[in-house]
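Read in order, the letters of the sequence shown are residues 1 to 353 in the numbering used here.
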Amino acid sequence: MSAPNSMLYGAIRHDWTLAQVQGLFALPLLDLLLHAQRVHREHHEPNTVQLSTLLSIKTGACPEDCAYCPQSVRYETGLEPEALLEIAAVRERAERAKAAGATRFCMGAAYRSPKARELKVIAAMIHEVHALGLETCATLGMLTPEQARELKAAGLDYYNHNLDTSPEFYGEIITTRTYQDRLDTLEAVRAADLKVCCGGILGLGESPADRASLLLTLANLPEHPESVPINQLVQVEGTPLAGSAPVDPFDFVRAIAVARLLMPRSHVRLSAGREAMSDELQALCFMAGANSIFYGEKLLTTGNPDVERDRRLFARLGLRSEARLGEADVPVSPAAGSGCACAHAEHHAETTA
Numbered sequence: 001m002s003a004p005n006s007m008l009y010g011a012i013r014h015d016w017t018l019a020q021v022q023g024l025f026a027l028p029l030l031d032l033l034l035h036a037q038r039v040h041r042e043h044h045e046p047n048t049v050q051l052s053t054l055l056s057i058k059t060g061a062c063p064e065d066c067a068y069c070p071q072s073v074r075y076e077t078g079l080e081p082e083a084l085l086e087i088a089a090v091r092e093r094a095e096r097a098k099a100a101g102a103t104r105f106c107m108g109a110a111y112r113s114p115k116a117r118e119l120k121v122i123a124a125m126i127h128e129v130h131a132l133g134l135e136t137c138a139t140l141g142m143l144t145p146e147q148a149r150e151l152k153a154a155g156l157d158y159y160n161h162n163l164d165t166s167p168e169f170y171g172e173i174i175t176t177r178t179y180q181d182r183l184d185t186l187e188a189v190r191a192a193d194l195k196v197c198c199g200g201i202l203g204l205g206e207s208p209a210d211r212a213s214l215l216l217t218l219a220n221l222p223e224h225p226e227s228v229p230i231n232q233l234v235q236v237e238g239t240p241l242a243g244s245a246p247v248d249p250f251d252f253v254r255a256i257a258v259a260r261l262l263m264p265r266s267h268v269r270l271s272a273g274r275e276a277m278s279d280e281l282q283a284l285c286f287m288a289g290a291n292s293i294f295y296g297e298k299l300l301t302t303g304n305p306d307v308e309r310d311r312r313l314f315a316r317l318g319l320r321s322e323a324r325l326g327e328a329d330v331p332v333s334p335a336a337g338s339g340c341a342c343a344h345a346e347h348h349a350e351t352t353a
């Protein structure tokens, strides 16, 4: 098990081997951070972070059995289901998110797969958000090629559909949807010329080899996802994974760094679990190549650091928000209520898409 020659770090590849990825994980942490930050600066503006806001547009009552997800109808978590929001309410939340500095607005709905009547309403939401000048993202479960094309026509930019974990460990976490189902949705999204947001969750009980295999699968897709959310399990009482052993913080940083080396041009997002991270751990993640966060009060059904805390952290680290296309750098505003609501998108796509 050995890492590839360091001169190859930063190359756009789709032919990684498991031994090579495991070799990256095995590097001394400071060496790994050094390589990751160098590669990051070769492909991205340093000290900038893309800000997304995630809104749950339909919460709970999901028929899937994802063991981490409080939105599953199979688990007693105290979550109250909420019907699909009104279009005007979504637009208002998107306006608030833009005012607070977000450049992308993500809409998450707890579906196995949306029905035609639901998709029509969601398409109208996307159209309204797109008209505000925000990038649009959705996570709605599995899509057919026709559904993906409908969302593209409505103005959708990104679709989130996480792999969650390795192919080998997947069956321990989810039984109502296959790994191939997820890959098929990603293929449909690509065929519709949508950008892909796809990552996974750490802390599900997976082994180090599973973490390497997850990132290997992502890196060897025909095209790298434009956004790669790396989630830390948010344990919710009532779900099968409540009480799981926490992820070692340095192991989480390693995963961020390896994702940066494997997918140099992708935005690597700190997603679910960030609320529990210290400022120092977040700083290490940014050093490792993370350059995207969910920004706002909540992440689907779990908390997210509030806007004011993020504003202070950015100031302490000298970070700025990534500008919207054609605009100057966007200041991180402490404006209230950027509107994140729940995490079927990034933790159930997906309680975190």
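Heads up, the beta-carbon is just placed ideally off N, CA and C, and yes, glycines get one too.
With a threshold of 16 other CB atoms inside 10 Å of the CB of residue i, please say whether the residue is buried or exposed.
i       : result
Ser-278 : exposed
Glu-64  : buried
Arg-117 : exposed
Asp-193 : exposed
Ala-272 : buried
Thr-176 : exposed
Ser-72  : buried
Ile-201 : buried
Arg-316 : exposed
Thr-354 : With the chain running from 1 to 353 in the structure shown, residue 354 is simply not present.
Ala-131 : exposed
Ala-191 : exposed
Asp-31  : exposed
Ile-174 : buried
Asp-15  : exposed
Arg-274 : buried
Thr-354 : Since the first and last residues shown for the chain are 1 and 353, residue 354 lies out of range.
Pro-357 : This structure gives no information on residue 357, because the portion of the chain shown stretches from 1 to 353.
Pro-114 : buried
Gly-171 : exposed
Glu-398 : Outside the displayed range of the chain (1 to 353) lies residue 398, so it cannot be described from this structure.
Ala-89  : exposed
By Cβ distance below 7 Å, which residues in the same chain neighbour residue i in space, the five residues on each side in sequence not counted?
i       : result
Glu-150 : Leu-119 and Ala-123
Ala-242 : Gln-235 and Val-236
Ala-188 : Leu-143, Thr-144, Pro-145 and Ala-148
Lys-195 : Asp-157, Tyr-158 and Glu-226
Gly-318 : Asn-47
Ala-83  : Lys-58
Val-258 : Val-21, Leu-24, Phe-25 and Leu-215
Val-268 : Val-228, Ile-230, Ile-256, Ala-259, Arg-260, Gly-289, Ala-290, Asn-291 and Ser-292
Leu-95  : In the sequence as displayed, the identity of residue 95 is Glu instead of Leu. Hits under 7 Å: Leu-132.
Glu-206 : Thr-165, Ser-166 and Phe-169
Gln-232 : Leu-202, Gly-203, Val-247, Phe-252, Ala-272 and Gly-273
So, is the C-beta of residue i closer than 8 Å to a C-beta in chain D?
i       : result
Glu-150 : No chain D is part of this structure, which consists of one protein chain only.
Tell me the residue span of the alpha helix (DSSP H) that contains residue i.
i       : result
Cys-375 : Since the first and last residues shown for the chain are 1 and 353, residue 375 lies out of range.
Gly-23  : 18-25
Met-125 : 116-131
Gln-71  : Unbroken run through Gln-71: none, as it is neither H nor E.
Phe-169 : Run containing Phe-169: none; DSSP gives neither H nor E here.
Tyr-179 : 179-191
Ala-257 : 249-262
Leu-143 : Here Leu-143 belongs to no alpha helix (DSSP H), and DSSP marks it neither H nor E.
Glu-95  : 87-99
Ser-213 : 208-219
Counting along the chain, where does the beta strand (DSSP E) carrying residue i start and finish?
i       : result
Ala-138 : 135-139
Val-307 : Unbroken run through Val-307 is the alpha helix (DSSP H), 307-317; no beta strand (DSSP E).
Val-196 : 195-197
According to DSSP, residue i sits in a beta bridge with which residue or residues?
i       : result
Gln-232 : Leu-202
His-267 : Ser-227
Gln-50  : Ser-292
Leu-55  : Met-107
Asp-164 : Gly-200
Tyr-158 : Cys-137 and Lys-195
Glu-82  : Thr-59
In its own chain, which residues sit with a C-beta less than 6 Å from the C-beta of residue i, not counting the 5 before and 5 after it?
i       : result
Ala-154 : Ala-123, Ile-126 and His-127
Pro-331 : Annotation note: pLDDT 41 at Pro-331 (below 50); position unreliable, coordinate value reported separately. The answer is none, since no qualifying residue turns up.
Suppose the cutoff is 8 Å on Cβ atoms and the five residues either side in sequence are ignored; what does the same chain contact list for residue i look like?
i       : result
Asn-220 : His-14, Asp-15 and Trp-16
Quiz item: Below 8 Å, can you find three or more Cβ-Cβ pairs linking the stretch 48-65 to the stretch 19-37?
Solution: They do not touch, by the three-pair rule.
Exercise. Would you be able to state if there are at least three C-beta pairs under 8 Å between the stretch 163-172 and the stretch 212-223?
Key: Yes: the two stretches touch, three or more of their Cβ pairs being nearer than 8 Å.
Practice problem: Determine, using beta-carbon pairs with one atom in the stretch 195-215 and one in the stretch 22-31, whether at least three such pairs fall under 8 Å. | Solution: These segments touch.
Quiz item: Are three or more beta carbon pairs between the stretch 303-322 and the stretch 238-258 nearer than 8 Å?
Solution: A contact between stretches requires three or more CB pairs, one per stretch, nearer than 8 Å, and the stretch 303-322 fails this requirement with the stretch 238-258.
Quiz item: Can you find at least 3 beta carbon pairs, one from the stretch 97-106 and one from the stretch 76-83, that sit closer than 8 Å?
Solution: With contact defined as three or more Cβ pairs closer than 8 Å, the stretch 97-106 and the stretch 76-83 are not in contact.
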